[in-house]
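**Student:** One structure coming up, written as structure tokens, with questions to follow.
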Amino acid sequence: MKSKAIFLDIDGTILPSNQILSPKVKYAIEQARTNGHYVFLCTGRNYCNISSFSNVEFEGMVCSNGAYIIINNQVIYDISIPEDDLENCLKFLDENDIEYNLETNFVSFYSQSMIDFFEQYSKSDVSELNRLKEETVNHIQHIQNYQQQVPVPTLFFLCQDEKYIQQIKQKISKHCYMINHGFNQGYYTVEINNVDATKGKGIKRVIEQLNMSIEDTICFGDGMNDYDMMKTCHRSVAMGNACEEIKQYASAVCESVDDDGVYYELKRLEII
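When the letters of the sequence shown are read in order and numbered with the working numbering, they come out as residues 79 to 350.
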């Protein structure tokens with residue numbers, strides 16, 4: 079079989095809510111690479127929060143929804159939210175006492191209200207919320223420690239009223255875009271990224287570096303930040319636990335993350 083480039087979302091795709099990679103999925107990743115395929119993480123997580131995979135090897139990572147890309151331990155792309163957009167957003171969020179965090183490549187800065195929220199938070203169906211909860215015990219600092227001009231690939235915020243989403247949208251330029259992960263436990267979960275940082279664009283950059291064709295790509299995902307990836311890859315697979323919008327864009331739907339969907343789909347595709 080011709081070598082494929084396989085792109086795996088993390089939270090809700092290969093990692094369930096307990097944040098433990100199952101033996102079957104770990105085997106699938108290793109066997110795919112043994113069989114000559116290229117396996118990449120393709121995640122909304124920033125680089126410093128991929129420590130769960132210290133015992134698993136990949137060809138590279140598409141981090142922060144495509145803002146930070148590593149191939150064979152070399153950074154090939156690094157972009158962040160424009161300073162003016164970030165400044166406008168932070169001013170609005172602080173004035174309206176909205177929970178938020180800034181995700182840089184090597185540390186995340188949380189507002190006090192965001193820290194307080196996750197102290198009371200329980201697991202939900204939104205994988206990005208579960209990931210942020212887990213992040214609060216690793217690699218975070220208080221927002222007071224943030225120094226301006228430190229590049230920020232991703233800004234997350236939580237709000238109870240949808241009007242704030244529209245108001246913040248008016249604060250950002252054409253150089254940014256928003257992803258709304260939906261309403262859960264009384265809050266909307268929203269992220270802001272540079273318009274040139276999407277999973278789909280990140281995948282295209284990887285494929286170009288590898289001198290491969292988009293026809294040789296396979297991706298797995300579950301959340302709204304996987305939409306662009308689903309549109310980009312030749313074969314797109316939604317997890318059984320994925321949101322309905324993502325399932326509509328996928329080529330196939332596999333078992334849920336709790337049932338080792340990635341393992342079984344790679345077997346069906348004869349990758350492993």
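In this text, a Cβ means the ideal position worked out from N, Cα and C, and glycines have one as well. What you are looking at is a predicted structure, and each value in this text was computed from that prediction instead of being measured.
(1) Following the continuous alpha helix (DSSP H) through CYS167, name the residue where it begins and the one where it ends.
(2) What distance in whole Å lies between the Cβ atoms of GLU240 and TYR36, which are believed to be in contact at a cut-off of 8 Å?
(3) Where ALA106 and TYR341 are concerned, what is the direct C-alpha to C-alpha distance, given to the nearest angstrom?
(4) Anyone know if the C-beta pair for TYR116 and GLU135 falls short of 8 Å?
(5) According to DSSP, is ILE31 helix, strand or coil?
(6) Please classify ASN96: does DSSP put it in a helix, a strand, or coil?
(7) DSSP beta-bridge partners for VAL423?
(8) Reducing DSSP to helix, strand and coil, say where SER132 ends up.
(9) Buried or exposed for MET79, please, with buried defined as at least 16 other CB atoms from any protein chain shown within 10 angstroms of its CB.
(10) Which residues mark the beginning and the end of the beta strand (DSSP E) in which TYR255 is found?
(11) Could you pull out every residue in the same chain whose Cβ sits closer than 8 Å to the Cβ of GLY260, ignoring the five residues on either side in sequence?
(12) Are the Cβ atoms of ASN183 and TYR125 separated by less than 8 Å?
(13) Give the C-beta separation of PHE351 and ILE84 to the nearest angstrom, bearing in mind that I take them to be a contact with Cβ-Cβ under 8 Å.
(14) From LYS78 to PHE195, what distance separates their C-alpha atoms?
(15) Can you grab the Cα-Cα spacing for the pair GLN245 / SER334, in whole Å?
(16) Buried or exposed: ARG346, going by 16 or more other Cβ atoms within 10 Å of its Cβ?
(17) If distances are taken between C-alpha atoms only, which option among VAL228, ASN166, LEU180 comes closest to ASN174?
(18) Hey, could you find the ends of the beta strand (DSSP E) PHE235 is sitting in?
**Tutor:** For this structure:
(1) Boundaries of the alpha helix (DSSP H) around CYS167: 161-173.
(2) Residue 36 cannot be examined here, being either before or after the span of the chain that is shown, 79 to 350.
(3) 5 Å
(4) Their beta carbons are not under 8 Å apart, which means TYR116 does not touch GLU135 by this criterion.
(5) Lying before the first or after the last residue shown, residue 31 is absent from the chain, which here runs from 79 to 350.
(6) Residue state, collapsed to three classes: coil.
(7) Since the first and last residues shown for the chain are 79 and 350, residue 423 lies out of range.
(8) The DSSP-derived three-state label of SER132 is coil.
(9) exposed
(10) 254-262
(11) VAL204, TYR266, THR267, MET302, CYS321
(12) yes
(13) Residue numbering for the chain in the displayed model covers 79 to 350; residue 351 lies beyond these limits and cannot be assessed.
(14) As displayed, the chain neither begins before 79 nor continues past 350, which places residue 78 out of reach and without an answer.
(15) 36 Å
(16) Exposed is the call here.
(17) ASN166
(18) 232-237
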